[in-house]
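Working notes, beginning with the structure itself.
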Amino acid sequence: MKTSQSPKTSIDTFIRFLYGLVVLLLGLAAYLIFGRSHTMTSTETRADSSAIFIQPDSNFSHVWTAPSDWRMMYLSPKQKELVLYGRELIAHTSDYLGPKGSVRAMSNGMNCQNCHLKAGAQPWGNNYFAVESTYPKFRARSGTVENQVKRVNDCFERSLNGKKLDSTSKEMQAILAYIAWLGKDVAKGDKPKGSGIFKLKFLKRATDLDKGKMVYEGKCQSCHQANGEGVLAEGGKSYTYPPLWGVHSYNQGAGLFRISNLAGYVKYNMPLGTTYEKAQLSDEEAWDVAAYINSMPRPSMDLSHDWPKIAKKPFDHPFGPYADSYSEKRHKYGPYKK
Ligand code: HEC
Ligand code: HEC
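Structure (structure tokens):
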């Protein structure tokens, strides 16, 4: 009997071994690529799981950023003071213009910065990068050409559910000076990358309030509270965690009352600390939680003069009449048509 193998059979065994190894490695690679990317995207049912890292788009490079502070040394002392006061008003609006404001009581206690993060200087944080470069501009909501005073006052009347600020007041002048400072390097007409709010892709389905509630309870409620009304700071002049609904929140005429705006804002800015570089919610979670928040009660306002041309109403404007035959519910919650 021959017990030792011939050289040919040992080469065969070696080749078979190599073959097995290659198959094993391919299997492992396939698992790493498909298996893991699958768990990364199927976040729908995992609203309550811990932070999920979602790869940002590759086009998130070279976004616009605000001018550095040191460049303020080229401003006149008076101009610099005005710009800094403007920034202070954006960041701490309520201290000056809120219900207990030191200048005038004319808004709901929120700060512009609650929605315009880092005083309007955060990429895709609803910033002011493209304001100086694009206003005055025609806006379909009013059907008129709007200047910056009108646009700022829109937010006072809607987002801060308050009153208009006089265009000649030092406060309005300061806010405009600050917005001009932020946009000083942007060419007229330009909208630099990272301006405003990110536009998310539509979901194929309608937004889902039950799923949104789960996201809210898991990832938002700890700060914004179960009743959505936020937490006042000590002294009660402004909020540590601003309200998302209820009597002290933005009203039904506000930009965030459109689910697409709210979803885009939340996706790249919330939970607090999130930036476009490291989102924590999937698109679906952002859409669903936005729908949930905007299904809650909040102040109303007279919207009868908005959108004078109904064909220009945005797809997700939740109040009819519309140029198409879809219901208010379908317009508000989707599925949205292209
Ligand atoms: C509740 C959230 C919220 C608050 C608070 C808020 N805004 Fe806004 N603001 C928005 C949203 C949302 C938009 C964008 C609306 C849109 O794109 O339709 C916006 C748009 C603007 C714009 C136009 C930006 C552009 O690129 O066209 C200006 C200027 C502005 N806000 C100023 C202010 C000022 C000043 C304050 C404080 C007095 C303020 N906002 C408070 C949500 C808010
Ligand atoms: C760790 C606390 C924290 C968590 C968690 C958190 N937020 Fe916020 N949120 C804040 C703070 C603070 C601000 C105001 C930021 C500022 O003024 O700079 C804010 C602002 C907002 C705003 C704009 C202002 C307003 O009141 O309308 C919205 C909308 C919002 N958050 C939604 C959410 C959603 C949705 C989640 C969950 C996905 C969430 N937040 C989770 C702390 C938090």
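Going by full-length UniProt numbering, the sequence shown opens with residue 1, and the numbers climb by one from there. Glycine included, every Cβ here is placed at the ideal spot set by N, Cα and C.
Residue i to residue j span [Cα, whole Å]
{"i": "F202", "j": "D288", "result": "11 Å"}
{"i": "S107", "j": "T93", "result": "9 Å"}
{"i": "L97", "j": "W124", "result": "26 Å"}
{"i": "T274", "j": "Q280", "result": "7 Å"}
{"i": "L82", "j": "P136", "result": "21 Å"}
{"i": "G320", "j": "M73", "result": "51 Å"}
{"i": "K100", "j": "G162", "result": "13 Å"}
{"i": "K211", "j": "A311", "result": "31 Å"}
{"i": "D190", "j": "N227", "result": "41 Å"}
{"i": "K213", "j": "S282", "result": "15 Å"}
{"i": "L28", "j": "G20", "result": "12 Å"}
{"i": "T144", "j": "K150", "result": "10 Å"}
{"i": "N126", "j": "K329", "result": "26 Å"}
{"i": "S249", "j": "A187", "result": "35 Å"}
{"i": "C112", "j": "I259", "result": "19 Å"}
{"i": "A206", "j": "N269", "result": "23 Å"}
{"i": "A290", "j": "L18", "result": "53 Å"}
{"i": "G196", "j": "C220", "result": "22 Å"}
{"i": "K204", "j": "M296", "result": "23 Å"}
{"i": "K80", "j": "A174", "result": "10 Å"}
{"i": "G109", "j": "E146", "result": "26 Å"}
{"i": "Y85", "j": "A91", "result": "10 Å"}
Which of helix, strand or coil DSSP assigns to residue i
{"i": "F138", "result": "strand"}
{"i": "G21", "result": "A small correction: the amino acid at residue 21 is Leu; Gly does not occupy that position in the sequence shown. Looking at L21 - three-state DSSP - the assignment turns out to be helix."}
{"i": "E284", "result": "helix"}
{"i": "T13", "result": "helix"}
{"i": "Y333", "result": "helix"}
{"i": "Y239", "result": "strand"}
{"i": "A29", "result": "helix"}
{"i": "V145", "result": "strand"}
{"i": "A279", "result": "strand"}
{"i": "V186", "result": "coil"}
{"i": "L232", "result": "strand"}
{"i": "I197", "result": "coil"}
{"i": "A311", "result": "helix"}
{"i": "D324", "result": "coil"}
{"i": "K224", "result": "The sequence as given places His at residue 224; Lys does not occur at that position. Helix, per DSSP."}
{"i": "V247", "result": "coil"}
{"i": "L75", "result": "coil"}
{"i": "residue 348", "result": "Absent from the model: residue 348. The displayed extent of the chain is 1 to 338, so no value can be given."}
{"i": "G253", "result": "coil"}
{"i": "K80", "result": "helix"}
{"i": "V289", "result": "helix"}
{"i": "G86", "result": "helix"}
{"i": "N126", "result": "coil"}
{"i": "N114", "result": "helix"}
{"i": "D302", "result": "coil"}
{"i": "F60", "result": "helix"}
Cut-off 7 Å between Cβ atoms - residues of its own chain near residue i, not counting five sequence neighbours on either side
{"i": "H331", "result": "F315, D316, H317, P318 and Y322"}
{"i": "residue 377", "result": "Because residue 377 is not part of the residues shown, which for the chain are 1 to 338, the question remains open."}
{"i": "A233", "result": "Y239 and T240"}
{"i": "V247", "result": "P299"}
{"i": "A254", "result": "R158 and S159"}
{"i": "H62", "result": "K193"}
{"i": "Y292", "result": "L209, G212, K213 and Y216"}
Limits of the unbroken alpha helix (DSSP H) element including residue i
{"i": "E171", "result": "K170 to L182"}
{"i": "T93", "result": "T93 to L97"}
{"i": "E157", "result": "Q148 to E157"}
{"i": "G162", "result": "That residue, G162, is in no alpha helix (DSSP H); it is neither H nor E in DSSP."}
{"i": "V215", "result": "L209 to K219"}
{"i": "G120", "result": "L117 to G120"}
CB-CB length for residue i against residue j, believed under 8 Å
{"i": "E285", "j": "V215", "result": "5 Å"}
{"i": "R141", "j": "W307", "result": "6 Å"}
{"i": "L256", "j": "S159", "result": "7 Å"}
{"i": "S238", "j": "D95", "result": "6 Å"}
{"i": "L272", "j": "N294", "result": "Not a contact, Cβ separation roughly 20 Å."}
{"i": "P67", "j": "W181", "result": "7 Å"}
{"i": "G183", "j": "V131", "result": "6 Å"}
{"i": "F60", "j": "Y276", "result": "6 Å"}
{"i": "L176", "j": "G264", "result": "Not confirmed; about 26 Å, so no contact."}
Close beta carbons around residue i, own chain, < 6 Å, minus the five adjacent residues each side
{"i": "R87", "result": "A119 and Y178"}
{"i": "S169", "result": "none"}
{"i": "G230", "result": "H224, Y239, Y241, P242 and P243"}
{"i": "A105", "result": "P99"}
Where the beta strand (DSSP E) through residue i begins and ends
{"i": "Y265", "result": "Counting along the chain, Y265 falls outside any beta strand (DSSP E), though it belongs to the alpha helix (DSSP H) covering I259 to K267."}
Residue i at chain C interface by Cβ criterion, 8 Å
{"i": "M270", "result": "No chain C appears in the structure shown, which is made up of a single protein chain."}
Neighbourhood of residue i by C-beta distance below 8 Å, restricted to the same chain and skipping five residues each side
{"i": "M301", "result": "E157, R158, N161, N251, Q252 and G253"}
{"i": "L117", "result": "G125, N126, N127 and N269"}
{"i": "L26", "result": "none"}
{"i": "G236", "result": "K100"}
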